[in-house]
Amino acid sequence: MSLVRRICFAGLAGGLALGLPGPASAQQIGATTVVKNDVSRLKGAQKNALAEGEKVFRDEAVQTGADSLAKIVFLDQTNLSIGPNARIALNQYVYSEERPAGKVALNLLKGSYRFVTGDLDKKAYEIKTPVATIGVRGTVFDVWTTGGRSVITLVDGEVRVCTRQASPQACLTLDEPGSVVVVTASGLTPAPPGSATRFSFGGYCGANPGLCTPTRLSEGGAPQPAAFAALCGR
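Written as structure tokens, this is what we have:
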């Protein structure tokens, strides 16, 4: 290992020793790369503020307040941008650089999001809202969801959207950028590109650098303390 790499790893270990959030037994699945205003992690009855560069862990939830934004980059380089008044449950995450197989299961409980797939096989991703299940095919898509209504807009690639009811289940594939589907408990309603029902996360991007720009975590997915950022290539 080179001297620079040893310094980087030593610095990260020191940061952990100083008490950066996250129990040693929890599985780290990524880190925040953008945090604006009120962003919190929820674990059981505990609620703690999240800062930029902090690790996030499996089986947590992340919540944003009004006029608040966040971005999580996962270990497989999936990018998830989160809008105001949102809540997401980090349900399942299995990833190893040594194993091509993996699983990403996220539950978008409410709010607005932009999802950009990472390095895992596309069939590994399962994104849910209260009324929809979204299967991805190498994709960028936007989601706006409330308890009973979700609007999914394809930005690039392809997604297959299904209702969550086991029977009868309806599904629709979006493969044209800008195409939209509205999902409720009663079924799916497709809308053409440019439809008034279209939701776009892009309105949050321009004034918030880094929120929608593709981002990769450093080697191993570890967020780097500011003192080591330049040296370690953040």
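The sequence shown lines up with residues -26 to -1, 1 to 208 when you count with mature numbering (1 follows the signal peptide of the UniProt record, and there is no 0). For each residue, glycine too, the CB sits at the ideal point set by N, CA and C.
Check: Since residue 209 is in the beta strand (DSSP E), which residue starts that stretch and which ends it?
Finding: It is not possible to answer for residue 209, since the shown part of the chain is limited to -26 through 208.
Next item on the list: Would you please state the rounded distance, in angstroms, between the beta carbons of alanine 60 and serine 86? I believe it to be under 8 Å.
Entry: Stepping through the sequence shown from its first residue, residue 60 is reached at position 86. Stepping through the sequence shown from its first residue, residue 86 is reached at position 112. Rounded, the Cβ-Cβ distance is 6 Å, consistent with contact.
Notebook entry, point to check: How should alanine 181 be labelled, buried or exposed, when 16 other C-beta atoms within 10 angstroms of its C-beta is the threshold for buried?
Noted result: Within the sequence shown, numbered from 1, the residue matching residue 181 stands at position 207. Exposed, because fewer than 16 other Cβ atoms sit within 10 Å of the Cβ of alanine 181.
Margin query: Would threonine 103 and threonine 119 be called neighbours here (beta carbons separated by less than 8 Å)?
Written below: For the purposes of this step, residue 103 is taken as the residue at position 129 of the sequence shown. For the purposes of this step, residue 119 is taken as the residue at position 145 of the sequence shown. Yes; because the gap between Cβ atoms is below 8 Å, this pair is in contact.
Next item on the list: Compute the distance between the beta-carbons of residue 244 and leucine 191, then report whether it is under 8 Å.
Entry: As displayed, the chain neither begins before -26 nor continues past 208, which places residue 244 out of reach and without an answer.
Note to self: Quick check on glutamine 37: buried or exposed, where buried means 16 or more other Cβ atoms within 10 Å of its Cβ?
What the structure shows: For this step, residue 37 is matched to residue 63 along the sequence shown. Result: buried.
Margin query: Pairs of beta-carbons, one from the region 22 to 35 and one from the region 158 to 167, closer than 8 Å: are there three or more?
Written below: no
Next item on the list: Note the first and the last residue of the continuous beta strand (DSSP E) segment covering glutamate 100.
Entry: The residue you call residue 100 lines up with position 126 of the sequence shown. Element bounds for glutamate 100: 99 to 102.
Notebook entry, point to check: Touching or not, the region 148 to 156 and the region 93 to 102, by the rule of three or more beta carbon pairs under 8 Å?
Noted result: no
Next item on the list: Identify whether glycine 177 lies in helix, strand or coil by the three-state DSSP scheme.
Entry: As a working mapping, residue 177 is identified with position 203 in the sequence shown. In the three-state reduction of the DSSP assignment, glycine 177 falls in the helix class.
Notebook entry, point to check: Would you say leucine 64 and aspartate 33 are within 8 Å of each other, going by their C-beta atoms?
Noted result: Here residue 64 is taken as the residue at index 90 of the sequence shown, counted from 1. Here residue 33 is taken as the residue at index 59 of the sequence shown, counted from 1. Yes. Within cutoff.
Next item on the list: Give a yes or no on whether the C-beta atoms belonging to aspartate 116 and serine 42 are separated by under 8 Å.
Entry: As a position in the sequence shown, residue 116 is number 142, starting the count at 1. As a position in the sequence shown, residue 42 is number 68, starting the count at 1. No, the pair does not count as a contact, with Cβ atoms beyond the cut-off.
Next item on the list: Figure out for me which residue from Val114, Arg172, Gln139 has the closest Cα to the Cα of valine 133.
Entry: Taking the sequence shown and counting its residues from 1, one reaches residue 133 at position 159. Considering only Val114, Arg172, Gln139, the residue with the shortest C-alpha distance to valine 133 is Val114.
Check: Anyone know if the C-beta pair for glycine 76 and tyrosine 178 falls short of 8 Å?
Finding: Taking the sequence shown and counting its residues from 1, the one referred to as residue 76 is at position 102. Taking the sequence shown and counting its residues from 1, the one referred to as residue 178 is at position 204. Taking 8 Å as the Cβ cut-off, glycine 76 and tyrosine 178 do not qualify as a contacting pair.
Note to self: Just to confirm the assignment: which complete beta strand (DSSP E) runs, minimum length 3, are found wholly within the region 13 to 60?
What the structure shows: 13 to 17, 20 to 23, 29 to 31, 35 to 38, 43 to 48, 53 to 56
Next item on the list: Could you tell me the distance, in whole angstroms, from the CA atom of proline 166 to the CA atom of leucine 146?
Entry: Translated into the one-based positions of the sequence shown, residue 166 becomes position 192. Translated into the one-based positions of the sequence shown, residue 146 becomes position 172. The straight-line gap from Cα to Cα measures roughly 13 Å.
Checklist line | Distance between beta carbons of glycine 121 and lysine 84, contact taken as under 8 Å | finding: Looking up residue 84 in the sequence shown gives position 110. Looking up residue 121 in the sequence shown gives position 147. At roughly 7 Å, the Cβ-Cβ gap stays under 8 Å, so lysine 84 and glycine 121 are in contact.
Next item on the list: Hey, could you find the ends of the beta strand (DSSP E) glutamine 2 is sitting in?
Entry: Position 28 of the sequence shown, counted from the first residue, corresponds to residue 2. That run of the beta strand (DSSP E) goes 2 to 10.
Margin query: Let's see if you can read the secondary structure: which residues bound the beta strand (DSSP E) around proline 151?
Written below: Locating residue 151 in the sequence shown gives position 177, where the first residue counts as 1. Taken as a continuous stretch (DSSP letters only), proline 151 belongs to no beta strand (DSSP E), as it is neither H nor E.
Margin query: Relative to the C-alpha of arginine 123, which candidate in Leu82, Phe31, Gly112 has its C-alpha closest?
Written below: Counting from 1 along the sequence shown, the entry for residue 123 is found at position 149. Nearest C-alpha to arginine 123: Leu82.
Check: What residues are listed by DSSP as bridge partners for arginine 123?
Finding: Along the sequence shown, read from residue 1 onward, the residue named residue 123 stands at position 149. In the DSSP assignment, arginine 123 is bridged to Thr158.
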